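Presented below is the structure to which this report refers.
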Amino acid sequence: MRGLILSPGRWNHVVEENQGLDENGRFFLPGPLSLSPDRLTMSKKGASFRAKGEKPDALAALQAANEELRAKLTDIQIELQQEKSKASKLEREKNQETRQIKEHEQHKNTVIVTELKAKLHEEKMKELQGVREGLLRQHEAEILRVIKIKDNEIQRLQTLLNAVRDGTPDKVKTVLYSEAKEEAKKGFEAEKIKMQQEILELKGAKKQVEEALSVVIQADKIKAAEIRSVYHLHQEEITRIKRDCDREIRKLQLDERDARRFQLKIAELSSIIRKLEDRNALLSEERNELVKRVRESESQYKPLLDKNKRLSRKNEDLSHTLRRMENKLKFVTQENLEMRQRVRTIRRPSSLNDLDQNQDEREVDFLRLQIMEQQNIIDELSKTLETAGYVKSVIERDKLLRYKKQRKKFAKFPKKPVVETFFGYDEETSLESDGSSISYQTDRTDQTPCTPDDDLEEGMAKEETELRFRQLTMEYQALQRAYALLQEQVGGTLDAEREVKTREQLQAEIQRSQAQIEDLEKALAEQGQDMKWIEEKQALYKRNQELVEKIKQMEIEEARLKHDVQDAKDQNELLEFRILELEERERRSPAINFHHIPFTEGKSPLQVYCEAEGVTDILVAELMKKLDILGDNAVSNLTNDEQVIVIQARTVLTLAEKWLQQIEVTESALQQKMIDLENEKDLFSKQKGYLDDELDYRKQTLDQAHKHILELEAMLYDALQQEAGAKMSEILSEEEREKLKNAVEQWKRQVMSELRERDSQILRERMEHIQHAQQRIKELEERIEAQKRQIKELEEKLSFFGPSVSIQRQEPREKTRNVYLLGQWNIVYNKRNWRKDDFIIRKWTTVYFDTED
1 MRGLILSPGR WNHVVEENQG LDENGRFFLP GPLSLSPDRL TMSKKGASFR
51 AKGEKPDALA ALQAANEELR AKLTDIQIEL QQEKSKASKL EREKNQETRQ
101 IKEHEQHKNT VIVTELKAKL HEEKMKELQG VREGLLRQHE AEILRVIKIK
151 DNEIQRLQTL LNAVRDGTPD KVKTVLYSEA KEEAKKGFEA EKIKMQQEIL
201 ELKGAKKQVE EALSVVIQAD KIKAAEIRSV YHLHQEEITR IKRDCDREIR
251 KLQLDERDAR RFQLKIAELS SIIRKLEDRN ALLSEERNEL VKRVRESESQ
301 YKPLLDKNKR LSRKNEDLSH TLRRMENKLK FVTQENLEMR QRVRTIRRPS
351 SLNDLDQNQD EREVDFLRLQ IMEQQNIIDE LSKTLETAGY VKSVIERDKL
401 LRYKKQRKKF AKFPKKPVVE TFFGYDEETS LESDGSSISY QTDRTDQTPC
451 TPDDDLEEGM AKEETELRFR QLTMEYQALQ RAYALLQEQV GGTLDAEREV
501 KTREQLQAEI QRSQAQIEDL EKALAEQGQD MKWIEEKQAL YKRNQELVEK
551 IKQMEIEEAR LKHDVQDAKD QNELLEFRIL ELEERERRSP AINFHHIPFT
601 EGKSPLQVYC EAEGVTDILV AELMKKLDIL GDNAVSNLTN DEQVIVIQAR
651 TVLTLAEKWL QQIEVTESAL QQKMIDLENE KDLFSKQKGY LDDELDYRKQ
701 TLDQAHKHIL ELEAMLYDAL QQEAGAKMSE ILSEEEREKL KNAVEQWKRQ
751 VMSELRERDS QILRERMEHI QHAQQRIKEL EERIEAQKRQ IKELEEKLSF
801 FGPSVSIQRQ EPREKTRNVY LLGQWNIVYN KRNWRKDDFI IRKWTTVYFD
851 TED
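Each residue of the sequence shown is one higher than the one before, starting from 1 at the first, in the numbering used here.
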């Protein structure tokens with residue numbers, strides 16, 4: 001009989017006699033048979049007993065099976081490495097092909113753009129040459145026509161001259177005619193020279209315009225080259241970013257593999273943690289015993305705590321009385337200050353002598369009162385010092401008594417006792433120097449045999465001394481506080497010399513102030529003003545000060561409110577920007593096809609992933625509880641190896657949950673990176689739009705230059721026509737002139753419209769070429785992503801068929817069933833290709849073969 005037990009797992013299977021063997025005698029996984037934990041433990045017990053009975057045969061079979069599994073696993077790993085190398089080669093070849101295609105397309109686009117620009121330039125130059133030749137022909141025809149007209153007139157005049165020569169009186173006319181003709185010739189030649197100069201100037205201007213046009217064309221070419229270089233740089237940046245993303249993905253995959261390596265170390269550490277937990281349990285038991293002892297000691301110390309509470313109440317009463325005294329002191333000092341202010345504010349007495357006498361009397365009375373108060377304080381302090389000396393003597397006496405008792409106890413029992421102080425437990429038996437903490441020994445520490453009468457006497461003496469000592473220390477501390485407060489309020493230590501000096505200073509200040517008051521009264525009497533004016537002025541001054549303070553407060557409040565408003569505006573802008581970013585992300589997020597599985601609260605990520613994969617009959621929480629129960633030391637049915645395996649299964653499950661959470665985090669990070677890449681792509685497209693706008697602007701400047709050239713040519717044509725303007729005006733009427741002007745304007749419009757149509761057509765063709773190139777790039781990127789997905793699917797399939805060692809030689813029906821079972825196992829425990837080493841196989845999947853003769 002052969003049996004197969006898989007652990008750890010989400011189900012337990014037992015392979016029976018007829019189901020576990022095929023025709024060739026090899027084992028295969030049967031259909032799932034759900035077993036209770038009792039049956040599982042019984043089967044494990046039976047297997048362990050049989051294994052103990054037939055130990056050498058089982059060990060030999062296990063060693064043979066392990067060697068076969070190792071050989072098959074090495075073959076599978078070699079095949080997997082070969083497949084990975086092939087996949088990486090395919091990726092490289094595809095990347096090289098895509099790069100070559102991109103470079104070829106870019107080269108084609110650049111060649112097409114340069115050819116189109118050259119054609120456009122040639123066409124424009126041809127059109128300009130044709131326009132120039134037509135204008136020259138027209139000009140020559142008009143000059144010939146004018147020459148013919150002039151020749152006809154000259155012939156007519158010669159005939160007239162010949163007719164006039166026959167008569168004598170007509171000689172004077174001929175002379176006059178010749179003189180007029182010479183003058184006309186001179187004027188005509190002067191005008192001709194002027195026109196020739198103007199023609200030369202216009203030719204120079206035309207040359208300058210042509211040079212400017214050539215400069216503009218060269219600048220346009222340079223700008224186009226810069227745009228091409230910027231476009232190439234952007235493309236290189238995009239490829240670099242993609243390469244960086246691929247590198248980061250590979251790094252993450254390597255990190256995942258390293259995490260799998262660390263799982264073995266974690267299993268070892270979990271066993272160490274188990275030992276430490278056992279030790280912790282022992283320590284917790286000891287702690288419970290100590291807590292019980294502490295509670296017993298607390299029950300014994302309850303009466304002492306009650307006494308402490310009573311003393312604390314008395315302390316509170318004394319503190320209340322001290323506060324009352326402090327309040328009285330404050331009230332007296334406040335009255336003193338008010339009296340001083342009243343003395344200073346009293347003005348215009350009946351006579352100056354009365355004022356001096358009243359002030360002196362008041363000062364003397366006030367100083368007498370102060371001296372009396374200070375004498376009372378000195379008496380109280382002397383009393384407190386006497387009580388403090390008495391307290392110190394009592395403390396020293398108590399110390400001596402306790403020291404003697406402790407010496408006796410140490411002589412009988414040298415062990416160090418536990419002492420409870422006023423602030424807690426302490427092993428020392430000495431008092432602090434200031435006498436603030438009180439310590440006394442517990443009854444448990446005194447283990448000397450003594451009579452009950454001695455115990456009672458000692459306890460009574462202790463209680464009396466402690467009560468007296470506490471009362472004295474409380475009084476001493478209260479008096480010290482009162483003395484410190486009095487020193488702070490009075491202004492340092494009480495010194496008679498200092499008081500005399502302060503009194504003299506106050507008298508000098510009073511005399512000075514009286515002299516100032518007299519001077520002011522005299523000045524006011526001389527000016528004829530009253531004291532009310534000063535009081536009103538002071539009131540106004542105070543009012544102004546209050547208003548200034550209010551204005552300052554309002555300004556501070558206004559600045560604060562402005563700052564708050566600005567902060568609110570900034571926050572609002574940030575929130576609006578964040579909302580826009582979120583809307584943009586929501587708008588673009590459907591384009592990223594990630595299979596995101598949300599982890600709901602109350603469910604583990606492993607459970608959610610199992611449900612997403614279609615495995616609904618497994619509950620991760622219950623399985624973890626069962627594994628905890630099985631891995632507990634209280635269960636004695638399992639062997640040590642089986643307990644270790646159960647613990648390792650639980651650690652694997654927890655690590656799988658953590659790993660899934662890490663995968664979710666990395667997935668969100670990659671999503672964010674893709675969104676950032678899309679944002680960069682949008683920025684590149686915006687820059688491209690700006691460059692297109694700049695191209696349009698350059699074209700507009702070219703159009704304006706063409707218009708300027710046409711205007712200059714028209715001016716030249718008008719200047720040439722000015723020679724025969726007068727004669728042509730005689731020949732042509734106004735209607736004919738208007739017709740000629742309209743014809744010239746129509747011709748200009750036709751030329752400009754044709755130029756604009758050609759420019760727009762060239763721009764359309766360029767935009768179509770660019771769009772086609774962008775579409776081609778997108779298609780290539782989609783192909784690359786599809787190929788990457790196919791490679792990942794191949795890797796997952798290889799990892800999927802990794803643990804299936806003996807499935808290839810089974811029958812088709814059982815083969816599909818076993819492939820499904822092992823696939824579910826692999827999906828739950830390792831999402832991608834886990835490295836199934838020999839140690840992991842021995843630890844995670846333990847197979848026991850029991851053979852019978």
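Every residue, glycine too, gets a C-beta built ideally from N, C-alpha and C.
Please read all numbers here as calculations on a predicted model, not as lab measurements.
- Secondary structure, beta strand (DSSP E): runs of 3+ residues fully inside the stretch 210-278: none
- Query: What is the rounded straight-line gap between the Cα of E734 and the Cα of L740?
  - Reply: For the purposes of this step, residue 734 is identified with residue 734 of the sequence shown, where counting begins at 1. For the purposes of this step, residue 740 is identified with residue 740 of the sequence shown, where counting begins at 1. Spanning the two alpha carbons is a distance of roughly 10 Å.
- Task: Would you mind reading off the limits of the alpha helix (DSSP H) that contains T321?
- Result: By 1-based counting over the sequence shown, the position of residue 321 is 321. First-last of the alpha helix (DSSP H) with T321: 302-345.
- Task: Tell whether a beta-carbon distance below 8 Å holds between A482 and M325.
- Result: For the purposes of this step, residue 482 is identified with residue 482 of the sequence shown, where counting begins at 1. For the purposes of this step, residue 325 is identified with residue 325 of the sequence shown, where counting begins at 1. Yes; because the gap between Cβ atoms is below 8 Å, this pair is in contact.
- In angstroms with no decimal places, state the Cα-to-Cα distance between E504 and R344. Against the sequence shown, residue 504 aligns to sequence position 504. Against the sequence shown, residue 344 aligns to sequence position 344. Their Cα atoms are separated by approximately 17 Å.
- Message: I believe L116 touches E765 by the beta-carbon criterion, under 8 Å. Please report the beta-carbon distance rounded to the nearest angstrom.
- Response: Your numbering for residue 116 matches position 116 in the sequence shown. Your numbering for residue 765 matches position 765 in the sequence shown. Confirmed, Cβ separation roughly 7 Å.
- Query: Whole-angstrom Cβ separation of L311 and R468, contact assumed at under 8 Å?
  - Reply: Along the sequence shown, one-based indexing puts residue 311 at 311. Along the sequence shown, one-based indexing puts residue 468 at 468. Contact doesn't hold; Cβ gap of about 12 Å is too wide.
- Is the stretch 106-126 close to the stretch 216-224, with three or more CB pairs under 8 Å? yes
- For the 8 Å Cβ check, are there 3 or more pairs between the stretch 770-787 and the stretch 94-101? yes
- Query: Mind checking I154: buried by the 16 CB within 10 Å criterion, or exposed?
  - Reply: As a working note, residue 154 is residue 154 in the sequence shown. Per the 10 Å Cβ criterion, exposed.
- Message: Rounded to whole angstroms, what is the Cα-Cα separation between Q235 and R758?
- Response: What you label residue 235 is simply residue 235 of the sequence shown in a count that begins at 1. What you label residue 758 is simply residue 758 of the sequence shown in a count that begins at 1. Approximately 30 Å, taken between the alpha carbons.
- Query: According to the neighbour-count rule (16 or more other Cβ atoms, all chains shown, within 10 Å of its Cβ), is T639 buried or exposed?
  - Reply: Along the sequence shown, one-based indexing puts residue 639 at 639. Counting Cβ neighbours within 10 Å, T639 comes out exposed, since fewer than 16 surround it.
- Task: Give, in chain order, every unbroken run of the beta strand (DSSP E) that is at least 3 residues long and sits entirely within the stretch 176-200.
- Result: none
- Query: Exposed or buried, which one is T159 when buried takes at least 16 other CB atoms within 10 Å?
  - Reply: For this step, residue 159 is matched to residue 159 along the sequence shown. Exposed, since its Cβ has fewer than 16 Cβ neighbours within 10 Å.
- Message: Could you tell me the alpha carbon to alpha carbon distance between D628 and R247, rounded to whole angstroms?
- Response: The residue labelled residue 628 in the question sits at position 628 within the sequence shown. The residue labelled residue 247 in the question sits at position 247 within the sequence shown. Approximately 41 Å between the Cα atoms of the pair.
- Item | E210 to E754 span [Cα, whole Å] | Within the sequence shown, numbered from 1, the residue matching residue 210 stands at position 210. Within the sequence shown, numbered from 1, the residue matching residue 754 stands at position 754. Using only the alpha carbons, I get a separation of about 21 Å.
- Let me know if T473 comes out buried or exposed under the rule of 16 or more other beta-carbons within 10 Å of its beta-carbon. If you number the sequence shown from 1, residue 473 lands on position 473. When all chains shown are included, T473 counts as buried.
- Item | Coil, strand or helix - T74 by DSSP | Reading the sequence shown from its first residue, position 74 is the one you call residue 74. Looking at T74 - three-state DSSP - the assignment turns out to be helix.
- Cα-Cα separation between T110 and R250, rounded to whole angstroms: Along the sequence shown, read from residue 1 onward, the residue named residue 110 stands at position 110. Along the sequence shown, read from residue 1 onward, the residue named residue 250 stands at position 250. Approximately 35 Å, taken between the alpha carbons.
- Task: Measure the CB-CB distance between L710 and K748 and report whether it falls below 8 Å.
- Result: Here the question's residue 710 lines up with position 710 in the sequence shown. Here the question's residue 748 lines up with position 748 in the sequence shown. Cβ atoms of L710 and K748: closer than 8 Å.
- Query: How long is the line joining the alpha carbons of I762 and K119, rounded to whole angstroms?
  - Reply: Here residue 762 is taken as the residue at index 762 of the sequence shown, counted from 1. Here residue 119 is taken as the residue at index 119 of the sequence shown, counted from 1. Rounded to whole angstroms, I762 to K119 spans 10 Å at the Cα level.
- Could you round the C-beta distance between S271 and V644 to whole angstroms and report it? I think they count as a contact, below 8 Å. Within the sequence shown, the letter at position 271 stands for residue 271. Within the sequence shown, the letter at position 644 stands for residue 644. Their Cβ separation, rounded to whole angstroms, is 7 Å, which keeps S271 and V644 in contact under 8 Å.
- Roughly how many whole angstroms lie between the Cα atoms of A212 and K206? Start at 1 with the first residue of the sequence shown, and residue 212 comes out as number 212. Start at 1 with the first residue of the sequence shown, and residue 206 comes out as number 206. If you take the alpha carbons of A212 and K206, they lie about 10 Å apart.
- Item | Supposed contact pair L780 and K242 - C-beta distance, whole angstroms, cut 8 Å | In the sequence shown, the residue the question calls residue 242 occupies position 242. In the sequence shown, the residue the question calls residue 780 occupies position 780. With a Cβ gap of about 12 Å, K242 and L780 do not count as contacting.
- Starting from the Cα of E535, find the closest Cα among L547, V548, E521 and give me that residue. Here the question's residue 535 lines up with position 535 in the sequence shown. Taking only the C-alpha atoms, the option nearest E535 is E521.
- Message: Please classify E642 as buried or exposed, where buried requires at least 16 neighbouring CB atoms within 10 angstroms.
- Response: For this step, residue 642 is matched to residue 642 along the sequence shown. Classification for E642: buried.
- Specify the secondary structure class of T448 as computed by DSSP and reduced to three states. Taking the sequence shown and counting its residues from 1, the one referred to as residue 448 is at position 448. Model confidence at T448 stands at a pLDDT of 44, short of 50, so the residue's coordinates are unreliable; what they give is reported in the following sentence. Of the three classes helix, strand and coil, the one that applies to T448 here is coil, per DSSP.
- Item | Per-residue DSSP class, three states only, for L619 | Taking the first residue of the sequence shown as 1, we reach residue 619 at position 619. Of the three classes helix, strand and coil, the one that applies to L619 here is coil, per DSSP.
- Task: Identify whether T159 lies in helix, strand or coil by the three-state DSSP scheme.
- Result: Here the question's residue 159 lines up with position 159 in the sequence shown. Three-state DSSP puts T159 in a helix.
- Excluding five sequence neighbours on each side, which residues of the same chain lie with their C-beta closer than 7 Å to the C-beta of Q662? Start at 1 with the first residue of the sequence shown, and residue 662 comes out as number 662. The answer is none, since no qualifying residue turns up.
- Item | Which of helix, strand or coil DSSP assigns to T639 | Residue mapping note: residue 639 aligns to position 639 of the sequence shown, counting from 1. Correct three-state label for T639: coil.
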